[in-house]
Amino acid sequence: MTTTGTGRLTGKVAIVTGGGQGIGAAIALAYAREGARVVVTGRTSSKLEDVAAKAAAGSIVPLEALAGNKAHAERTVAEALSRFGRVDVLVNNAHTFTDHLPLEDPRMEEHCLVDMQSAFIGSLQLMQLCFPHMRDQGGGSVINMGSSYGIRCEPGFLAYAASKEAIRALTRTAAREWGRHKIRVNTVLPSAMSPKALWYLEESKTYDLELAKVSLGVFGTPEDITPTALFLASDESRYVTGQTIGVDGGSTML
Numbered sequence: 018m019t020t021t022g023t024g025r026l027t028g029k030v031a032i033v034t035g036g037g038q039g040i041g042a043a044i045a046l047a048y049a050r051e052g053a054r055v056v057v058t059g060r061t062s063s064k065l066e067d068v069a070a071k072a073a074a075g076s077i078v079p080l081e082a083l084a085g086n087k088a089h090a091e092r093t094v095a096e097a098l099s100r101f102g103r104v105d106v107l108v109n110n111a112h113t114f115t116d117h118l119p120l121e122d123p124r125m126e127e128h129c130l131v132d133m134q135s136a137f138i139g140s141l142q143l144m145q146l147c148f149p150h151m152r153d154q155g156g157g158s159v160i161n162m163g164s165s166y167g168i169r170c171e172p173g174f175l176a177y178a179a180s181k182e183a184i185r186a187l188t189r190t191a192a193r194e195w196g197r198h199k200i201r202v203n204t205v206l207p208s209a210m211s212p213k214a215l216w217y218l219e220e221s222k223t224y225d226l227e228l229a230k231v232s233l234g235v236f237g238t239p240e241d242i243t244p245t246a247l248f249l250a251s252d253e254s255r256y257v258t259g260q261t262i263g264v265d266g267g268s269t270m271l
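For the sequence shown, my numbering begins at 18 and goes up steadily by one.
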């Protein structure tokens, strides 16, 4: 893994949610290596502090915050502005992951509400709060995390899939409305092995079945997602907006 950067994001300020581990942590660290200053949020302070400790002093600010909580979203944006004076990049990565549940289960409505609040509403809140600052400074980049599950609609994951498809609609709508302000909005469909994902695949005995769906024949890592997140945060992607970009080894092809 690269430990030094080229300064592609020098001068930029980013907010990365769900950054205490996995994809969020990898993106936050990659941004910091490339010269960005990052506010990283999550549910567990100790994990966030561990991530911050791996970066250059002061480049990552850890902040405990829950996705979908309006007061926490307001505090997150206020922290970025008070510390660094601007917000250039927003990565909506946090998502409460509900367990596998058949469609007919009466608990499904509750699961849908939980997933929509953390993923869709949480992303919407931060986008709305960042918008006036990105607009007034002449642009910015929003990177929303979707999922191939939203397209593939795997059995048992309605709540998760529906919330991720809602995020794709949010992305496209914002790209249409905010393009005139030079605010780019894109969705990434990542696939990277996490402790919970590995547990589920082993518990459900579906490891080999799911791996067979990956064209490249191997599950990704969080570091496999960071090059795309860096591209979308940088000025190199200044003409890319409203897109869904799969970074999942070819398990989904649009």
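By construction, the Cβ of each residue, glycine as well, lies at the ideal position given by its N, Cα and C atoms.
- Glu-121 has its alpha-carbon roughly 46 angstroms from the corresponding atom of Glu-253.
- In the structure shown, the three-state DSSP call for Val-57 is strand.
- Between Val-106 and Ala-31, the alpha-carbon positions lie close to 4 angstroms from each other.
- With a cutoff of 8 angstroms on beta-carbon distance, Ile-184 and Gly-163 are scored as near each other.
- At a Cβ-Cβ threshold of 8 angstroms, Ser-180 and Lys-230 do not count as neighbours.
- Between Ala-53 and Thr-115, the gap from beta carbon to beta carbon reaches 8 angstroms or more.
- With contacts defined by Cβ atoms closer than 8 angstroms, Gly-85 and Gly-139 form a contacting pair.
- Between Thr-258 and Ile-44, the C-beta spacing is not below 8 angstroms.
- At a Cβ-Cβ threshold of 8 angstroms, Leu-187 and Phe-148 do not count as neighbours.
- In the structure shown, Pro-119 adopts coil according to DSSP, grouped into three states.
- DSSP places Arg-25 in the coil class of the three-state scheme, outside both helix and strand.
- Leu-228: not part of any beta strand (DSSP E); member of the alpha helix (DSSP H) spanning 224-228, first to last residue.
- Setting aside the 5 residues that flank it on each side, Lys-87 is surrounded in the same chain by Gln-142, each with a C-beta closer than 6 angstroms to its C-beta; the list follows chain order.
- CA-CA distance, Lys-29 to Val-104, rounds to 7 angstroms.
- Contact check for Ser-251 and Leu-46: beta-carbon distance about 16 angstroms, past the 8 angstroms limit, so the pair fails to qualify.
- In terms of Cα proximity to Thr-204, the closest of Gly-234, Val-159, Gly-22 is Val-159.
- For the stretch 88-150, the full-length alpha helix (DSSP H) segments reaching 4 residues or more read 125-132 along the chain.
- A residue is called buried when at least 16 other Cβ atoms come within 10 angstroms of its Cβ; Tyr-166 meets this threshold and is buried.
- DSSP, read as helix, strand or coil, puts Ser-158 in strand.
- Straight through space, the alpha carbons of Arg-92 and Arg-60 are spaced by roughly 14 angstroms.
- For the stretch 206-252, the continuous alpha helix (DSSP H) assignments of 4+ residues that do not extend past its boundaries occur at 212-220, 224-228, 239-250, in sequence order.
- The Cβ atoms of Ser-99 and Pro-79 lie no closer than 8 angstroms to each other.
- In its chain, beyond the 5 residues on either side, Gly-37, Gln-38 have a beta carbon closer than 7 angstroms to the beta carbon of Lys-64.
- Around the beta carbon of Arg-50, 16 or more other beta carbons lie within 10 angstroms, which makes this residue buried.
- Ala-82 sits in coil when the DSSP states are folded into three classes, being neither helix nor strand.
- Note that the C-beta distance between Gly-173 and Ser-208 is not below 8 angstroms.
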